[in-house]
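*Asks:* Just so you know, we're using this note's numbering here: the sequence shown kicks off at 2 and counts up by one.
Just so it is clear, CB atoms sit at the ideal spot from N, CA and C, and this is done for glycine as well.
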Amino acid sequence: MTEKEAALAAFSERLCKAADPLVPGERPMARLLQQVRHRSLKKGEHALRAGTVANDVFFVHRGLLRYYFNDPGEGGAERTGQFFDEGIVVTDAESFLTKTPGEQNFQALEPTSIVIIPRAALYDGYDNDHAIERFGRLMLEQGLIGSQRRASRLLTLQPEERYRTFVQSRPEVARRVPQYLIASYLGLTPESLSRIRRRIVRG
Numbered sequence: 002m003t004e005k006e007a008a009l010a011a012f013s014e015r016l017c018k019a020a021d022p023l024v025p026g027e028r029p030m031a032r033l034l035q036q037v038r039h040r041s042l043k044k045g046e047h048a049l050r051a052g053t054v055a056n057d058v059f060f061v062h063r064g065l066l067r068y069y070f071n072d073p074g075e076g077g078a079e080r081t082g083q084f085f086d087e088g089i090v091v092t093d094a095e096s097f098l099t100k101t102p103g104e105q106n107f108q109a110l111e112p113t114s115i116v117i118i119p120r121a122a123l124y125d126g127y128d129n130d131h132a133i134e135r136f137g138r139l140m141l142e143q144g145l146i147g148s149q150r151r152a153s154r155l156l157t158l159q160p161e162e163r164y165r166t167f168v169q170s171r172p173e174v175a176r177r178v179p180q181y182l183i184a185s186y187l188g189l190t191p192e193s194l195s196r197i198r199r200r201i202v203r204g
């Protein structure tokens, strides 16, 4: 099985699992798969850059993406918003839904295999199959829940609690992501995160 075939199979499985108990029709599903694309990203390569319109949704088959934005108030410093590992469906939702240039960058943190689902293909699936429509709705809901949870943790948790929560909830991602990006994600400086890690190690 080629990388592309494996990626499409994983995407199909993810869609069917999300749509359960509905089952996508054979013809609408085949039509959707004919319109999606596969792409392999090198470490550091971007799937989407700020200033462009997000016309696609991305399914992470293998690897790891992050989204970040450039803070104009800090000389364009990068602020990491989230990490996306295998099985996650993601895009710049505001840009995708409004068809306007987005502010988010999506970058591979390691060699990454993604399935690219064009807007037209996804909406065609919505129009022709309730299971595909359910998949899209649930992906949007999960994204909204994730954004709200992240905002709540930044506002209510102390720095050490933020770090502990991140490591406990996403241990595999925490292992794979450089510490300076974890610090950015948690709203900390790398030095502050290092002090927190030392305190935790000392117990």
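#1: From the DSSP output, in three-state form, read off Gln83 for me.
#2: Just tell me which of Asp86, Gly88, Phe70, Ile89 has its CA closest to the CA of Arg80.
#3: Taking Leu123 as the reference, which of Arg15, Pro29, Leu23, Asp21 has the closest Cα?
#4: Would you mind sorting Ile133 into buried or exposed? The rule is 16 or more other CB atoms within 10 Å of its CB.
#5: In the DSSP output, what is Phe107 paired with across the bridge?
#6: Quick check on DSSP: helix, strand or coil for Thr157?
#7: Are the stretch 153–168 and the stretch 103–115 touching by the rule of at least three beta carbon pairs closer than 8 Å?
#8: Note down the Cα distance separating Thr53 from Ile115, rounded to an integer number of angstroms.
#9: Where do the ends of the alpha helix (DSSP H) carrying Thr99 lie?
#10: I need the DSSP call for Thr3, collapsed to helix, strand or coil.
#11: Residues in the same chain with beta-carbon distance under 6 Å from Ala19, minus the five sequence neighbours each way, listed in chain order, please.
#12: Are the CB atoms of Ser13 and Leu34 nearer to each other than 8 Å?
#13: With 16 as the cutoff for other CB atoms within 10 Å, does His47 come out buried or exposed?
*Replies:* Walking through what the data contain:
#1: For the purposes of this step, residue 83 is taken as the residue at position 82 of the sequence shown. Strand at Gln83.
#2: The sequence position of residue 80 within the sequence shown is 79, counting from 1. When each option's Cα is compared against that of Arg80, the closest is Phe70.
#3: Taking the first residue of the sequence shown as position 1, residue 123 is located at position 122. In terms of CA proximity to Leu123, Pro29 leads the group Arg15, Pro29, Leu23, Asp21.
#4: In the sequence shown, residue 133 corresponds to position 132, counting from 1. Under a 10 Å Cβ-count criterion, Ile133 is classified as buried, with 16 or more other Cβ atoms of the shown protein chains found around its own Cβ.
#5: Within the sequence shown, residue 107 is the residue found at index 106, counting from 1. Note: Phe107 sits in a beta bridge opposite Leu49, Tyr68.
#6: In the sequence shown, counting from the first residue as 1, residue 157 sits at position 156. Helix.
#7: Here the stretch 153–168 makes no contact with the stretch 103–115; the two share fewer than three CB pairs at distances below 8 Å.
#8: Locating residue 53 in the sequence shown gives position 52, counting from the first residue. Locating residue 115 in the sequence shown gives position 114, counting from the first residue. Near 19 Å, if we compare the C-alpha coordinates of Ile115 and Thr53.
#9: Against the sequence shown, residue 99 aligns to sequence position 98. Thr99 -> alpha helix (DSSP H) spans 94–99.
#10: As a position in the sequence shown, residue 3 is number 2, starting the count at 1. Annotated three-state conformation of Thr3 is coil, per DSSP.
#11: As a first step, residue 19 must be located in the sequence shown, where it is residue number 18. Excluding its 5 nearest sequence neighbours in each direction, Ala19 has C-beta neighbours in its own chain below 6 Å: Phe136, Leu139, listed in chain order.
#12: Numbered from its first residue, the sequence shown carries residue 13 at position 12. Numbered from its first residue, the sequence shown carries residue 34 at position 33. Yes.
#13: One-based indexing of the sequence shown puts residue 47 at position 46. Around the beta carbon of His47, fewer than 16 other beta carbons lie within 10 angstroms, which makes this residue exposed.
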